[in-house]
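K.L.:
Residue numbers (our numbering), protein chains in the order written: chain A, 1 to 237; chain B, 1001 to 1237; chain C, 2001 to 2237; chain D, 3001 to 3237. We treat Cβ as the ideally placed atom computed from N, Cα and C, and that holds for glycine. Everything numeric in this text was worked out from a predicted model, so none of it was measured.
There are 4 protein chains.
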Amino acid sequence: MSTDTTIDHRTRVAAERRERMRARLIESAMLVFAEKGVGGSVIQEVIAAADVSQGTFYNYFRTNEELLAAVTQELNDELLRLIEREVGSYDDPARRIACGVRMFLRAAHTYPLLARFIAAGLHAAGPSSLIYAYLPVHIEQGLASGRFRDVTVEVALDLIVGTTLTTAQRFATAAQADASPEQAVAAILRGIGVSRSEAQALLRTKLPAIAVPADSLLERGHARMQNQLPPPDSEVG
Amino acid sequence: MSTDTTIDHRTRVAAERRERMRARLIESAMLVFAEKGVGGSVIQEVIAAADVSQGTFYNYFRTNEELLAAVTQELNDELLRLIEREVGSYDDPARRIACGVRMFLRAAHTYPLLARFIAAGLHAAGPSSLIYAYLPVHIEQGLASGRFRDVTVEVALDLIVGTTLTTAQRFATAAQADASPEQAVAAILRGIGVSRSEAQALLRTKLPAIAVPADSLLERGHARMQNQLPPPDSEVG
Amino acid sequence: MSTDTTIDHRTRVAAERRERMRARLIESAMLVFAEKGVGGSVIQEVIAAADVSQGTFYNYFRTNEELLAAVTQELNDELLRLIEREVGSYDDPARRIACGVRMFLRAAHTYPLLARFIAAGLHAAGPSSLIYAYLPVHIEQGLASGRFRDVTVEVALDLIVGTTLTTAQRFATAAQADASPEQAVAAILRGIGVSRSEAQALLRTKLPAIAVPADSLLERGHARMQNQLPPPDSEVG
Amino acid sequence: MSTDTTIDHRTRVAAERRERMRARLIESAMLVFAEKGVGGSVIQEVIAAADVSQGTFYNYFRTNEELLAAVTQELNDELLRLIEREVGSYDDPARRIACGVRMFLRAAHTYPLLARFIAAGLHAAGPSSLIYAYLPVHIEQGLASGRFRDVTVEVALDLIVGTTLTTAQRFATAAQADASPEQAVAAILRGIGVSRSEAQALLRTKLPAIAVPADSLLERGHARMQNQLPPPDSEVG
DNA sequence: GATGAATGAGGCTTCATTCAT
DNA sequence: CATGAATGAAGCCTCATTCAT
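(1) Using only CA atoms, which one of M30/A, R85/A, A94/A, A168/A lies nearest to E65/A?
(2) For P3213/D, name the three-state secondary structure that DSSP assigns.
(3) Quick one: using the 10 Å Cβ neighbour count with 16 as the cut-off for buried, is V2236/C buried or exposed?
(4) Keeping to the same chain, check which residues put their C-beta closer than 7 Å to that of A3098/D; ignore five residues upstream and five downstream.
(5) Any beta carbon from chain C within less than 7 Å of L3159/D's own beta carbon?
(6) According to the neighbour-count rule (16 or more other Cβ atoms, all chains shown, within 10 Å of its Cβ), is S2/A buried or exposed?
(7) Going by DSSP in three states, L159/A sits in which element: helix, strand or coil?
(8) V2071/C and I2026/C - do their beta-carbons sit closer together than 7 Å?
(9) Would A3048/D be called buried (16 or more neighbouring beta carbons within 10 Å of its own) or exposed?
(10) Does any C-beta atom of chain B lie closer than 7 Å to the C-beta of T163/A?
(11) Give me the Cα-Cα distance between R2017/C and A3199/D, rounded to the nearest whole angstrom.
(12) Please name the residues in the region 3198-3226 of chain D whose beta-carbon is closer than 9 Å to at least one beta-carbon of chain C, in chain order.
(13) Under three-state DSSP, which class holds A3174/D?
(14) Taking Cβ-Cβ distances shorter than 9 Å, what residues in chain B pair up with T167/A?
(15) What residues in the region 181-192 of chain A have a beta carbon less than 8 Å from any beta carbon of chain B?
(16) What does R196/A reach in chain B if we use C-beta pairs closer than 7 Å?
(17) With 16 other CB atoms within 10 Å as the buried threshold, where does I1192/B fall?
(18) Please name the residue in A2144/C, L2130/C, A2050/C whose C-alpha comes closest to that of R2224/C.
(19) Check whether the Cβ atoms of A3187/D and V2151/C lie closer than 7 Å to each other.
(20) How is the alpha helix (DSSP H) around G191/A delimited, first residue to last?
(21) With C-beta atoms as the reference, is L218/A less than 7 Å away from Y111/A?
(22) Rounding to the nearest angstrom, what Cα-Cα distance links R22/A and L130/A in this structure?
(23) Should G2039/C be flagged as near chain D, meaning a C-beta pair shorter than 7 Å?
(24) Is it the case that the Cβ atoms of F2171/C and H2109/C are separated by a distance below 7 Å?
(25) Taking all protein chains shown into account, decide if P2213/C is buried (16 or more other Cβ within 10 angstroms of its Cβ) or exposed.
(26) Just to confirm the assignment, what range does the alpha helix (DSSP H) spanning R1095/B have?
(27) Taking all protein chains shown into account, decide if A1014/B is buried (16 or more other Cβ within 10 angstroms of its Cβ) or exposed.
(28) Give the residues from the region 3099-3117 of chain D that approach chain C closer than 9 Å (Cβ to any Cβ), ordered along the chain.
(29) What residue from R1096/B, N1059/B, P1231/B has the CA that sits closest to R1085/B's CA?
(30) Use the C-beta contact count for E2019/C: other C-beta atoms within 10 angstroms, 16 or more gives buried, fewer gives exposed.
(31) What is the residue span of the alpha helix (DSSP H) that L1207/B lies within?
(32) Taking C-beta pairs closer than 9 Å, name the residues in chain A that R1147/B reaches, listed in chain order.
(33) Against R170/A, what residues of chain B qualify as contacts under a CB-to-CB distance less than 8 Å, listed in chain order?
(34) Between the region 3161-3170 of chain D and the region 2134-2147 of chain C, are three or more C-beta pairs nearer than 8 Å?
(35) From A2107/C to Y58/A, what distance separates their C-alpha atoms?
Right, here's the structure in full:
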């Protein structure tokens, strides 16, 4: 085996290991944030949840905020990209938003971890979130095509985001989990100028099954939360 | 002067002093929370802002949470009672909600301190807030009278509260302060089933001037924030 | 008792307590520096030696360096002022330096703590030391009056300070303590241009007994080092 | 090619590589010590300066102290051996010391790195230094031959070493670099009993040009400090 | 009731050292 | 022999809380 190949191999293996460790820390951090909120002493809990040493943590994240930002972005991006991939092909902006919000709320319902994370740090979904990359485009198209009316982009954003997150929050705290999000979505649609009947019609469309990959952050965190699994890769002697 | 009278006098004076000190601490805490968020090192900042000693603080509040709860409740109650006093006399539940939300958003606009406090601890407005005492009643009446439709009380609550708080948050962060909240209120109304034209009509009603007392928490905090005033009662030698 | 008197009293008592605690910390720090050197983890040892909590330490010194500076200055000032008070009255600059260096070396011999402190942080005696306030004046006067010659102020300073500190260091490390410093002082004097015979003569003058106050830093530290005394003011239950 | 030869060759090449790596680490360490002092976080800086991995470092040095000792000894030995080779041939012990100290101070002046290293860890030049192998011999010979007088070996050592190092230190910190060391050397000579006129005469002798090899530690470190050179042997891809 | 020095648990961060690759 | 991720002991520092005055 040539030296070059060896070095390449080493480099690749090392990079992969690094990536796995980073994912492991982010996964653990998501669980902790969901449980303890975004303030306060997180690092100790995270390293316990990830079963790594203090030093290792600091090889990946320097501060609390850096960690929170990483989790938020990773989680957001993952979910929003999934949703956008589904609804992006629809012609009707109203249908895109209707289905997108429904999918988001369904995810928050399916994965209590997500709902709790939202409830813990509502404002963490800052302007870096992909939501502010995707949503305004849909809104603008809806306004241009006359599907939406009587709102500015800002008002529509506040209405959609505020209502959706507050509803998701309810899933985290409310005792009954029977909440069907369709009513909330209908209200949102009416708010941005869709007629009652059309709003109803949009909600009757079958929602495509959201395909959350088994190795996604959401699934892995969910599995760990449910089963009290140890962190991955941890060899038990 | 009889002994009884003296004791009464003393007791009364002492109680007044206690009340003033408590108000001073809450006022300072509001400023600190608005600036630093609900997490983090609060007490030290609060006692510095109130210019009292550490020990004194603990004569009034036992913990962080107790303090936050006191500020939240005091601020909420004060503002919501003011609003409720105005709108409570209206016959039309839709008008009550329309004007109430407008007044709230106007206050958040007039008092950046309030907007920042909301942005800092959005979730602090927990279920103990008077909002959950007042709003559901109006919603139920609106549903019963047919003013609202196609929503449950929960959906209406999430829509109104989520949108209102998100809009208020925008005031704290957005550069432009031109935000006219009327559009947001119209969208909310449409969302809960009010027709477009009626929503427009409701927003054309003149908003009663909200009468925030000069000695209210909001006014005192606002004045201090603007003028960098020292805490009240501080005698300068 | 009037309020004013009470407040005055309280203030005074508090200030005195603060001063005592500061002295206690500096005293402990001197012992630790002498033993462990000026680098490395000092704070933990100091608080142990002073028998106070970590928090208390940070009420008085923010960093390692601040502490070292305080100890160095306090010790230096104390000793050098004592010496200067004695020799300052002499007419002859050569005698001032001869006796001053002898007194310094005698102190380093009498108080091994001092010698060790010097050995631990030779360079700690930075330019803020009083030595650079007193010595140059004497040197200049000696040059002006013709007592010294063939040297600049800088060269004389380096010769005196370098030789004195190196000799003091020897006391800290050498097994035999018989070192009589007079030979070193004579060599210094010759180096700065005093003739052999006059150097000898200067060393025959009787050295005034240095009067180190019993409550001086040097004496207190010495006593504690010798007797393994606990820190002062510590009440034993 | 015989197997033996191959093995020999491999062994020799390996030994040479080892030696180069060791030199590289020591060179980097010298720069770091000169800049950061002998306390504090050294290893991380050294491996960064040498551009090697953590693990590699521990193939060569086990601890901090081992590294410092290696640098100190290497540097000292190199310089003192150079000086001793020059002055060792002189008959007159006074001339040996006069020229030796002059050469040392000239080196400290030429190589600020050396001056800083001395200033950083003055006491690092412990008793293992070659100075304590060479100097006492010269002093004893000078005393025996009557060139020096009125001093013991210890006093002469303290005077010479203390003054020389303090003067060298001045080069590291003083703004003006004009310092001509000859005055200091004259003062040292007078201190150990050489007459004024002879001291002057000794300083008028031309100083042999010190021949610091281009591949010496001092030269390599100096070059790197001046030119911000990367460590040697680093292949750039 | 007010004060502020003292406390110490608890979190944060570094860095020398190890070890599998 | 080189690499660099992982380790965890050890230090640093803050800050909520207590308590003698």
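P.N.:
For this structure:
(1) M30/A
(2) coil
(3) Its pLDDT being 45, under 50, V2236/C is placed unreliably in this model, and the value from its coordinates should be taken loosely. Exposed is the call here.
(4) So the qualifying residues of the chain are V3185, L3189, L3202, L3203.
(5) yes
(6) Reliability fails at S2/A, whose pLDDT of 46 lies under 50, so the model's placement of it is uncertain and the value that follows must be treated cautiously. It counts as exposed.
(7) helix
(8) yes
(9) exposed
(10) yes
(11) 58 Å
(12) Within the region 3198-3226 of chain D, the residues whose Cβ lies closer than 9 Å to some Cβ of chain C are A3199, Q3200, listed in chain order.
(13) If DSSP states are grouped into helix, strand and coil, A3174/D belongs with coil.
(14) T167/A reaches chain B at E1154, V1155, D1158, L1159, G1162, counting residues in chain order whose Cβ is nearer than 9 Å.
(15) Q183, A184, A186, A187, I188, R190, G191, I192
(16) D1150
(17) buried
(18) Out of A2144/C, L2130/C, A2050/C, A2050/C has the C-alpha closest to the C-alpha of R2224/C.
(19) yes
(20) In the DSSP annotation of this structure, the continuous segment of the alpha helix (DSSP H) that includes G191/A starts and ends at 182-191.
(21) yes
(22) 21 Å
(23) yes
(24) yes
(25) exposed
(26) 1093-1110
(27) exposed
(28) none
(29) R1096/B
(30) exposed
(31) First-last for L1207/B: undefined, no H or E at that position.
(32) Residues of chain A passing the Cβ test: none, with the nearest at roughly 14 Å.
(33) From the beta-carbon of R170/A, the residues of chain B found nearer than 8 Å are E1154, D1158.
(34) no
(35) C-alpha separation (whole angstroms): 49 Å.
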